[in-house]
Amino acid sequence: MFSKTEKIPKPSASVMSSQSRMLEPGQQEKRNSPDIENTVTDPGNTTFSSDITIRVQNLSKCYQIYDVPRDRLKQFVAPRLQRLTGRQPRQYFREFWALKDVSFKVRRGETIGLIGRNGSGKSTLLQIICGTLAPTGGVVETKGRIAALLELGSGFNLDFTGRENIYMNGAVLGLNSEEIDSRLDAIVSFADIGQFIDQPVKTYSSGMSVRLAFAVQAQIDPDILIVDEALSVGDAKFQAKCFARLKQLKDNGTSILLVTHSSEQIVTHCSSAILLNNGMQLETGEPKRVVNRYMDLLFGKEKREVGAKPLESADELAPVIKAEALYQLSQACDAFAMREGYNAHEYRWGDGTVSILDFYLAADGEPYPSAITAGQAITLAISVKFHCDLLRPILDINIKTKDGVTVSGINSEMGECDIDDFQALWKKGAVMHAKSHFKCGLAPGDYFISIGIATREGEEIIPHDRRYDSIHFIVRPHNHFHGLADLELNLSLVK
28 MFSKTEKIPK PSASVMSSQS RMLEPGQQEK RNSPDIENTV TDPGNTTFSS DITIRVQNLS
88 KCYQIYDVPR DRLKQFVAPR LQRLTGRQPR QYFREFWALK DVSFKVRRGE TIGLIGRNGS
148 GKSTLLQIIC GTLAPTGGVV ETKGRIAALL ELGSGFNLDF TGRENIYMNG AVLGLNSEEI
208 DSRLDAIVSF ADIGQFIDQP VKTYSSGMSV RLAFAVQAQI DPDILIVDEA LSVGDAKFQA
268 KCFARLKQLK DNGTSILLVT HSSEQIVTHC SSAILLNNGM QLETGEPKRV VNRYMDLLFG
328 KEKREVGAKP LESADELAPV IKAEALYQLS QACDAFAMRE GYNAHEYRWG DGTVSILDFY
388 LAADGEPYPS AITAGQAITL AISVKFHCDL LRPILDINIK TKDGVTVSGI NSEMGECDID
448 DFQALWKKGA VMHAKSHFKC GLAPGDYFIS IGIATREGEE IIPHDRRYDS IHFIVRPHNH
508 FHGLADLELN LSLVK
């Protein structure tokens, strides 16, 4: 049953019930703001759709930052005295907004990915949803039992054994001893920590702790499961088991909030995604689109319009390599949009000092094919124009599935490339022609090619032009193999 929203009156005490919110020092001065509505939850409201398990509306969290400890005391006392004497109250702290106006809904059986750089507000948001942190403003409503892995080892008594912690955690989550007994074997089996189940948790490694914590949370069949980067600790085998369990929970109607820095996990396991940056909701929607925006934040600046003027005439095309003029690429204008296979919904960004102008795609010599057959020889060629002098550019090509999972990729810093050619100084106005060859060993389906060019300054990558998902191609159905890619496996009898 959904909780009912109520406005919080000016508090007379700093601590309320577990269903209420704990107030920050000095926060009462902010309550007169018409922009902020603080809420508590109270059983009884069923006005929302029955398949919605989480509703977050205009959620904000502000911290007061005091330069010196005595300013905290001043903030507690001085404004009251100043109002009594008719003076304007003074503020002795600086505001830091960990979250600002975040809104979204989660439906039953949905998996929502939360992604963002460190300090973007992800953990703060999850703590507020779980009720362990008070919001400054906005509404949070949840329906059903919540199980959460907010941090490694949270909720464990280090002196208790693993088995004792299972019973303690189960009780905290609302299970009685009989219900825990019925789940105990499944929890112990899933955690797979052997005899350590009867040893104190303080003797556990970080991987063992997260195994036990996830096993408890995942085996109680919660209505809402929240996982905050905890799975990054486990090994690959355990992660695979965890994601199989997450899929099972999702199919059974559990709503899942997954926080991770892995873009592959977001596009593979999430129904939709939310990108947070500096406490604000920057992008919400299709995982692949949100991940592209996240990569923008990680490796560059905000999205900019990049490129040369659009191609106006086919006469402006010039051969890439005149000695083998089997195909033509533009050397001056952006001709991508004229080519078969161009994806008009590409995600393009960079600082504009370089432009990726044109591409050529062929299968067994057939230019711009409508579909590709497994086993065909693929040629990809591109032209790149430099708008300033650039030393040692890095050219990158990636092939992804329609869901955003990277199948294969290469860049000019890898050993398979002629590195010396790429490490030259490219002058302003120069045009680079590059090509790649590969044999199509992909499963039937839709694929996208992303192309990027950047330079390295120390440990930082400076993106100049990145065209994500800019080229679309289809692989025809076949029965040569099953799976994602053809590794040229063979099968025979040993005589």
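Just so we're aligned, residue 28 is where the sequence shown starts under the working numbering, counting upward by one.
Beta carbons are placed, not taken as given, at the ideal position from N, Cα and C, and that holds for glycine.
Outcome for residue i when other beta-carbon atoms lying within 10 angstroms are tallied against a minimum of 16
i	result
E310	buried
Q115	exposed
S410	buried
I496	Checking the sequence, you will find Asp at residue 496 rather than Ile. So D496 counts as buried.
N145	exposed
A362	buried
T159	exposed
E168	buried
T380	buried
D373	Going by the sequence as given, residue 373 is Glu instead of Asp. The residue in question, E373, is buried, as its Cβ has 16 or more Cβ neighbours within 10 Å.
L126	buried
F386	buried
N319	buried
T433	exposed
Q222	exposed
Q246	buried
T281	buried
P106	buried
T230	exposed
F103	exposed
Cutoff 8 angstroms; reference residue i; Cβ partners in own chain excluding five residues on either side
i	result
L153	L141, A175, L177, I253, D255, L284, V286
L417	T380, V381, L452, W453, T482, H491
Unbroken beta strand (DSSP E) run spanning residue i, endpoints
i	result
N438	433-438
N506	Premise fails: N506 is in no beta strand (DSSP E) and is neither H nor E.
S87	79-92
K429	No beta strand (DSSP E) contains K429, which DSSP labels as neither H nor E.
L177	Unbroken run through L177: none, as it is neither H nor E.
S540	Past the edges of the chain, shown from 28 to 522, lies residue 540, and the structure says nothing about it.
D255	251-255
S76	Element bounds for S76: n/a, residue is neither H nor E.
N304	299-304
L285	282-286
Secondary structure of residue i, DSSP reduced to three states
i	result
A474	Note that residue 474 corresponds to Tyr in the displayed sequence, not to Ala. DSSP places Y474 in strand when its eight states are reduced to three.
V166	strand
F413	strand
A401	coil
E343	With a pLDDT of 41 at E343, under the threshold of 50, the modelled position of this residue cannot be trusted, and the question is left open.
Q244	helix
K455	coil
K315	helix
Y495	strand
L516	coil
Y395	coil
M441	coil
R117	coil
D423	strand
K330	For K330, the predicted structure reports a pLDDT of 45, less than 50, and the residue's modelled location is therefore unreliable. The matter cannot be settled from this model.
D323	helix
G479	strand
D361	strand
E486	coil
K466	strand
Own chain, CB closer than 7 angstroms to residue i, minus 5 neighbours either side, in chain order
i	result
K277	G136, T138, I283
L324	R144, N304
S209	none
D78	R134, R135
N196	G182, V243
Neighbourhood of residue i by C-beta distance below 6 angstroms, restricted to the same chain and skipping five residues each side
i	result
V215	I224
L511	A470
S298	E137, T138
M459	V411
G306	W124, A125, L126, K127, G148
Bounding residues of the alpha helix (DSSP H) (the contiguous stretch that carries residue i)
i	result
M365	M365 -> no alpha helix (DSSP H), and no H or E assigned at all.
A371	Taken as a continuous stretch (DSSP letters only), A371 belongs to no alpha helix (DSSP H), as it is neither H nor E.
P543	Outside the shown range of the chain, which is 28 to 522, sits residue 543, and nothing can be said about it.
Q292	290-296
C269	263-278
Test: residue i CB closer than 8 angstroms to a CB of chain D
i	result
N192	Of the chains in the structure shown, none is chain D; there is only one protein chain.
Discussion item. Ignoring anything shorter than 4 residues, give me the alpha helix (DSSP H) runs that lie fully in the region 181-240, in order along the chain.
Written reply: DSSP runs (the alpha helix (DSSP H)) wholly in the region 181-240: 189-199, 204-218.
Fill in: Segments of 3+ residues assigned as beta strand (DSSP E) that fall wholly inside the region 120-171
Complete beta strand (DSSP E) runs here, min 3: 121-134, 138-142, 164-169.
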